[in-house]
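To start, the structure under review is shown below, and the notes come after it.
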Amino acid sequence: MRKSYEMDMVNGPLFRNILLFAFPLMLSGVLQLLFNAVDIVVVGQFSGSQALAAVGSTTSLINLLTNLFIGISIGTNVLVARAYGARDIDAVEETVNTSIITAAVVGVFLIFAGFFLAKPLLQLTGTPADVIDQSILYMRIYFAGMPAFMIYNFGAAILRSVGDTKRPLYFLIIAGVLNVVLNLIFVIVFHMDVAGVALATILSQCVSAALILYCLLKSTGVIHLDLKHLSFSRKRMMEMLRIGLPAGFQSMVFNISNVLIQSSVNSFGSLVVAGNTSAQNIEGFVYTAMNALYQTNLSFTSQNYGAKNYQRIDQILIRCLAIVTVVGLLLGNGAYLFGEQLLGIYTSDPQVVQFGLNRLAVVSATYFLCGIMDVLVGSIRGLGYAVMPMIVSLTGACAFRVFWVLTIFPMYRTQASLYVSYPISWILTASAHLICFLIVRKKTLAKK
């Protein structure tokens with residue numbers, strides 16, 4: 087691996103390095119989100135509101151089935167970064183090999199899970215009858231690309247852990263352009279509707295996965311992947327699971343609460359589902375920009391912890407919190423202020439646009455609170471504590487939202503009363519995470 091792609095996270099100016107690390111990560115997240123965004127825009131404009139609702143109704147379920155395993159890649163990020171900071175080359179190589187094998191196996195498993203669970207899960211969430219058949223078709227095709235999806239995510243986590251956020255960005259630019267072209271061809275020329283956009287997405291993911299594998303195979307540094315000597319380390323796998331599984335489980339349960347909210351949205355009918363889908367997609371761009379700061383904090387904290395450079399950990403957190411707050415306020419409120427124009431990209435139906443604005447007014451405008459919550463989690467996980475943030479998040483956000491949907495929402499059955507559960511849960515959970523970080527920080531300094 088050429089040295090220019092690596093970053094020294096344990097020395098040098100923090101603010102500048104954080105921005106240099108985070109910015110390509112933001113752009114990478116935006117491009118990855120475009121895979122689904124282009125699907126929604128194309129079907130909304132060329133196949134109608136029903137196709138738009140069909141694709142949108144699968145989002146929470148897809149996240150539910152994949153995020154448990156994506157969480158394990160967080161374990162990859164933390165372990166490689168920590169070993170890299172400590173200059174433990176053997177640990178880095180063992181983690182890289184184990185991560186790629188895990189990604190491939192998990193991807194194959196998800197092909198079958200997506201195929202057999204698509205119909206019962208969509209029925210369970212009350213997907214409208216006029217769109218459920220298209221939703222099932224979309225999910226089954228989408229999950230056929232899971233091996234590529236997993237390999238890309240685990241491979242990108244490996245590169246991030248040594249400071250390389252540029253090459254994943256380049257790979258996603260190539261895959262993103264391909265996805266747009268294939269979407270237009272499959273939907274407009276061949277009239278394949280939801281099947282076309284799903285096929286375009288998985289072909290794009292195959293390209294990005296192939297590029298990330300090529301990058302690891304050709305690397306001459308510590309993250310080099312040698313297929314001839316590919317080996318699985320039970321020890322590294324257990325360490326990855328210890329750190330990553332709680333994160334993945336938390337994300338999965340988060341999506342259970344989101345599926346419950348999606349089920350409540352479905353009760354308003356397909357037009358509200360379409361508006362909610364469009365707004366969610368816009369919010370996704372805000373979230374992924376903020377999430378780059380969570381990943382940045384995770385990598386910087388892990389490397390400095392591995393190097394026993396404890397005095398920089400507070401500085402990393404303060405800078406990441408400041409940046410994520412500015413990013414969340416600007417993008418979140420900007421999405422609402424220009425919501426009518428942005429929603430118009432997805433649909434020309436004025437009712438759908440208004441239903442989307444109803445969500446943006448509540449969720450997008452307060453989204454910076456979610457960014458603050460996630461950055462605090464990044465510090466705690468970077469210090470090696472995985473179970474604590476999981477328990478706090480499940481209690482403060484997931485359990486609270488489920489409670490809200492089952493008790494408050496039935497009394498005030500409006501979109502606003504449903505969506506306001508988000509900012510309230512973010513405030514509660516971020517406050518608890520701050521207390522947990524102070525406790526963990528004290529233990530870390532005591533060890534020092």
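Just remember that the numbering used here sits 86 ahead of the position in the sequence shown, which is counted from 1.
Every residue gets a Cβ at the ideal spot worked out from N, C-alpha and C, and that includes glycine.
If you're wondering where the values come from, they're calculated on a predicted model, not measured in any experiment.
Close CB contacts of V410 within its chain, under the 6 Å cut and outside five residues either way in sequence, are with M376, L379, G457, V461 (chain order).
The C-beta distance from G361 to Q440 rounds to 7 Å, short enough to meet the 8 Å contact threshold.
In the three-state scheme derived from DSSP, where H, G and I count as helix and E and B as strand, I309 is classed as coil. With a beta-carbon spacing of about 12 Å, G482 and S507 fall beyond the 8 Å limit used to define contacts. For D279, the uninterrupted alpha helix (DSSP H) segment begins and ends at 279 to 304. Unbroken alpha helix (DSSP H) runs of no fewer than 4 residues, entirely contained in the stretch 168 to 215, are found at 175 to 210, following chain order. For I404, the closest of F523, L208, V345, S290 by C-alpha to C-alpha distance is F523. K321: member of the alpha helix (DSSP H) spanning 320 to 352, first to last residue.
The Cβ atoms of L446 and I368 sit closer than 8 Å to each other.
The beta carbon of S135 sits closer than 8 Å to the beta carbons of S356, L357, A360, T433, D435, V438 from its chain, once the five residues preceding and following it are set aside; these are given in chain order. The three-state secondary structure of R499, taken from DSSP, is coil.
As summarised for the stretch 452 to 507, the continuous alpha helix (DSSP H) elements at least 4 residues long and confined to that stretch are 454 to 468, 473 to 479, 486 to 497, 501 to 505, given in chain order. At least 8 Å separates the beta-carbon of F495 from that of S349.
Each residue's CA atom was taken as its position, placing V449 and M93 some 35 Å apart. Judged by their CB atoms, R246 and Y391 are not nearer to each other than the 8 Å cut-off. Contact between G249 and L299 does not hold, since their C-beta atoms are separated by about 20 Å, which reaches or exceeds 8 Å. Under the three-state reduction of DSSP output, F132 falls in the helix class. Taking all protein chains shown into account, H277 has fewer than 16 neighbouring C-beta atoms within 10 Å of its C-beta and is therefore exposed. Taking C-beta atoms as the reference points, M476 and P332 count as a pair closer than 8 Å. A check of alpha carbon separations from V280 across I227, L311, L316 identifies I227 as the nearest.
The C-beta distance from M323 to T188 rounds to 7 Å, short enough to meet the 8 Å contact threshold. CA-CA distance, F155 to T287, rounds to 19 Å. D125 carries a helical assignment under DSSP once its states are collapsed to helix, strand and coil.
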